[in-house]
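There are 2 protein chains.
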Amino acid sequence: MKKSVNERVKEAMKEQGVDLLLITPSSDMVYLLGKCMMSDERLNVYVVPAEGRDFLFVNDVYGQEVAGWGIPETEVVTWKDGENAVSLLLEQLEKKRLPYGKIGIGASMPAGFLVPLQEAFARTRFVLHREILGRMRRYKNEQEQSLMEEACSRCTEALKAVMKAGSGWIGKTEGAFADALCREMEQRGISEAGALVCAGAHAAVPHYTGKDGIISADACLLVDFGGKYRGYCSDMSRTFYFCGENDKRREFEAVYGIVLAALEAGQGAAVLGGRMEDVDNAARRVIAEAGYGKYFTHRTGHGIGIDTHEEPCAASGDKSVIEPGLAFSVEPGIYLPGKFGIRIEDQIFMTADGAKVLHDYPRNEWLVCW
Amino acid sequence: MKKSVNERVKEAMKEQGVDLLLITPSSDMVYLLGKCMMSDERLNVYVVPAEGRDFLFVNDVYGQEVAGWGIPETEVVTWKDGENAVSLLLEQLEKKRLPYGKIGIGASMPAGFLVPLQEAFARTRFVLHREILGRMRRYKNEQEQSLMEEACSRCTEALKAVMKAGSGWIGKTEGAFADALCREMEQRGISEAGALVCAGAHAAVPHYTGKDGIISADACLLVDFGGKYRGYCSDMSRTFYFCGENDKRREFEAVYGIVLAALEAGQGAAVLGGRMEDVDNAARRVIAEAGYGKYFTHRTGHGIGIDTHEEPCAASGDKSVIEPGLAFSVEPGIYLPGKFGIRIEDQIFMTADGAKVLHDYPRNEWLVCW
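So the protein lines, in turn, are chains A and B.
Take our numbering: the final residue in the first sequence is number 372, and no numbers are missing along the way.
Take our numbering: the final residue in the second sequence is number 372, and no numbers are missing along the way.
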């Protein structure tokens, strides 16, 4: 019989000598419980001891909600506004005789919780649980794979729908394009839909977030977008070039070819038994050899799952071995300040047969002249 | 001449013996720089030494954006994906001969940054900067006051617009109401608009976030909503009761009266020279004396400004003295599981003349029969 996620977590904790996990509202809580409360400045934690019964320690405001989750064999302990949550948590651990010499926490736990915990738990060592939950979350099972495939396919369809308007987008704002794309995603059941839409020179700023730029003829449009389908992410980018009367597109076309070759090289390096940094090296080499090395300012890709950015990364120094179950983006880019930027991004999933591309959107249909 | 925010921060740091502040993307960065980059897993920090020049230490992906901010006398130091940002930051401090024995950080800094910083800065003591930036942010200046007044007034108008439909909302979903309210806020220049809309028994769950409940006759509708106007928040709640043929509203009416009296008592206790916990005590006493004490499960209010929740709190144990410049919510509630919930919330601002209510929406127009 397959071990449950909870059993596997506890095994990994014992291997790592971690006594307890304290999981604040985050994708880790979603991963473990399938549920999560809103995140605010009140200490709400799911307490997972390596040995013994899990419990939820939550502010009274969330007590009813959490009791309604019906998590089996998980006690709900509440505290009230005005009480010292950290001291009360410590009391609970003492009362339940749970050891807490080494506590694992998630990367998203805010310092507003961690610092008081460190002060009150004076002899405890707090470590990130990367080698426990982080490790487990890297390897997606079949259900997670199929949810991600569905997310990617629905988001791809949304972009196709928006791009039907073709040159009709000329003269419209980045914000109008982003809104239309988000609406198309939402109509296809995608939640938390979002889009970075960068027109012309704005595309040279990798995380540009403005809305008011105008989509123009003889200029590019970079679109980086996605959302979640039943909790799992799609993340994809395409860069288009809109035709105009006075065609300046030769430089764009040349650079596009380099980015596309880099994407293909990176993806080609995504082979079972290889290492994540090989994907980065392969993509980066293509861009460097074409003379644009200094304009490729970020890593080649990132793991993806419940969070848009997870481990492992396709980055220099990430020596993680590529194995079945890993999901990550490959997204090289070249950013020429004041001119244009190009990024092409697809999400891939590693199966026992090798890499599978989850976004089925043509990579070379960048010229918009219809 | 008035001291600048930066000068006042450095003075407070010296008083507290804090050598450096490390400000990650957050409302603190907005407060200090008027700008902020997206928050991701890359270490981006605004470094503020008690003595010496500030600098921005950011990933290359954000380099162009940050350089474009044009923050005077602030150097931008960049690092690249794949490099060890924490070691590079430590090198920078050494190179610039900046002491780092005690470092102040914000409550929102993620553990994914803090734990590696604590490991690399082995002799440094990391403390929350509550007594430095937290303290300063409590006291709003005239400009901040007027932005908050504008936020509150625009959000109030949005609710009035939505409520014009009156009983027309019966049969519609919570989500439809929330969408309409957010649209009305956005049309009035409010950004980050959001609304918790809870129909019937859902209102008994203080932070209910569903969308599918149906607004019904002879049942309540709790609406907690707001957004930002030029960076400053409005946060307001009203609870309505929709008329129907078979009127069950007597119990609702009685409880509404208690919550309203608690709101008025809390607000009455918001006097210059009083303490924040007095506001909580005053509101709580009214509800306890009416026999509903155990159904008022949260504090009476919270500070508000750039963040929806800031210090100080109208909560038991918060002994902050009430002074001009403080802004906070007063929002008592009674939640009867399985039946209904009532919360009435207005934002108040303390002036030299005392408390000023920023939301001008009638508190006793809860009956919707038009």
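Glycine included, each C-beta is placed from N, C-alpha and C at the ideal position.
Remember, predicted model here, so these are calculated numbers, not experimental data.
Chain-ordered neighbours of residue i on chain B, where CB pairs are closer than 9 Å
i                      : result
residue 241 of chain A : Neighbours of residue 241 of chain A on chain B: none; closest Cβ ~16 Å, over 9 Å.
residue 101 of chain A : None at all; the shortest Cβ gap to chain B is about 20 Å.
residue 130 of chain A : 113, 114, 117 and 118
Distance CB(residue i)-CB(residue j) smaller than 8 Å
i                      : j                      : result
residue 196 of chain B : residue 228 of chain B : yes
residue 189 of chain B : residue 351 of chain B : no
residue 333 of chain A : residue 231 of chain A : no
residue 220 of chain A : residue 250 of chain A : yes
residue 58 of chain B  : residue 32 of chain B  : no
residue 201 of chain B : residue 223 of chain B : yes
residue 347 of chain A : residue 236 of chain A : no
residue 373 of chain B : residue 205 of chain B : Residue numbering for chain B in the displayed model covers 3 to 372; residue 373 of chain B lies beyond these limits and cannot be assessed.
residue 258 of chain A : residue 324 of chain A : no
residue 305 of chain B : residue 315 of chain B : yes
residue 88 of chain A  : residue 116 of chain A : no
residue 233 of chain A : residue 149 of chain A : yes
residue 370 of chain A : residue 245 of chain A : yes
residue 168 of chain B : residue 372 of chain B : yes
residue 179 of chain B : residue 368 of chain B : no
residue 170 of chain A : residue 131 of chain A : no
residue 92 of chain B  : residue 123 of chain B : yes
Under 8 Å by beta carbon: chain B residues contacting residue i
i                      : result
residue 110 of chain A : 112, 113 and 114
residue 233 of chain A : Chain B residues near residue 233 of chain A: none, gap ~15 Å exceeds 8 Å.
residue 267 of chain A : The contacting residues do not exist; residue 267 of chain A stays about 17 Å from chain B at best.
residue 339 of chain A : 66
residue 214 of chain A : By Cβ distance, chain B contributes nothing, its closest Cβ being about 13 Å from residue 214 of chain A, past 8 Å.
Interface partners of residue i on chain A, CB under 7 Å
i                      : result
residue 352 of chain B : Per Cβ cutoff of 7 Å: no residues; residue 352 of chain B is ~21 Å from chain A at best.
residue 207 of chain B : 66 and 67
Contacting residues, own chain, Cβ-Cβ under 6 Å from residue i (five flanking each side not counted)
i                      : result
residue 327 of chain A : 141 and 142
residue 14 of chain B  : 134
residue 54 of chain B  : 100
residue 16 of chain A  : 52
residue 226 of chain B : 198 and 239
residue 154 of chain A : 236, 349, 360 and 361
residue 50 of chain A  : 23 and 56
residue 303 of chain A : 316, 330, 331, 332 and 333
residue 158 of chain B : 361, 362 and 363
Residues that residue i bridges to, as DSSP identifies them
i                      : result
residue 345 of chain B : B:335
residue 175 of chain B : B:216
residue 304 of chain B : B:315
residue 1 of chain A   : Outside the modelled stretch of chain A, which goes from 3 to 372, sits residue 1 of chain A, for which no answer is possible.
residue 370 of chain A : A:244
residue 58 of chain A  : A:48 and A:78
residue 237 of chain A : A:228
residue 329 of chain A : A:351
residue 112 of chain B : A:112
Listed by chain order, chain A residues near residue i by CB distance under 8 Å
i                      : result
residue 107 of chain B : 113 and 117
residue 211 of chain B : 40
residue 63 of chain B  : 208, 209, 299 and 300
residue 43 of chain B  : 109 and 311
Boundaries of the alpha helix (DSSP H) in which residue i is found, first to last residue
i                      : result
residue 373 of chain B : Absent from the model: residue 373 of chain B. The displayed extent of chain B is 3 to 372, so no value can be given.
residue 365 of chain A : Segment: none, residue 365 of chain A is in no alpha helix (DSSP H) and carries neither H nor E.
residue 158 of chain B : 144-165
residue 322 of chain B : Residue 322 of chain B -> no alpha helix (DSSP H), and no H or E assigned at all.
residue 289 of chain A : 278-291
residue 40 of chain A  : No alpha helix (DSSP H) holds residue 40 of chain A; DSSP gives it neither H nor E.
residue 266 of chain A : 252-270
residue 19 of chain B  : Taken as a continuous stretch (DSSP letters only), residue 19 of chain B belongs to no alpha helix (DSSP H), as it is neither H nor E.
residue 136 of chain A : 135-140
residue 69 of chain A  : 65-69
Start and end residues, beta strand (DSSP E) containing residue i
i                      : result
residue 81 of chain A  : 77-81
residue 245 of chain B : Looking at the DSSP string, residue 245 of chain B is not in any beta strand (DSSP E), and its letter there is neither H nor E.
residue 196 of chain B : 193-201
residue 229 of chain A : 221-231
residue 358 of chain A : 356-359
Cβ neighbours of residue i in the same chain (closer than 8 Å, five flanking residues each side left out)
i                      : result
residue 70 of chain A  : none
residue 28 of chain B  : 38, 41, 108, 110 and 111
residue 61 of chain B  : 44, 45, 46, 80, 81, 82, 83 and 87
residue 289 of chain B : 260, 261, 264, 295, 297, 298, 334 and 336
Own chain, CB closer than 7 Å to residue i, minus 5 neighbours either side, in chain order
i                      : result
residue 114 of chain A : 43
residue 337 of chain A : 206, 208, 297, 299 and 343
residue 19 of chain A  : 104
Interface partners of residue i on chain A, CB under 9 Å
i                      : result
residue 196 of chain B : None at all; the shortest Cβ gap to chain A is about 11 Å.
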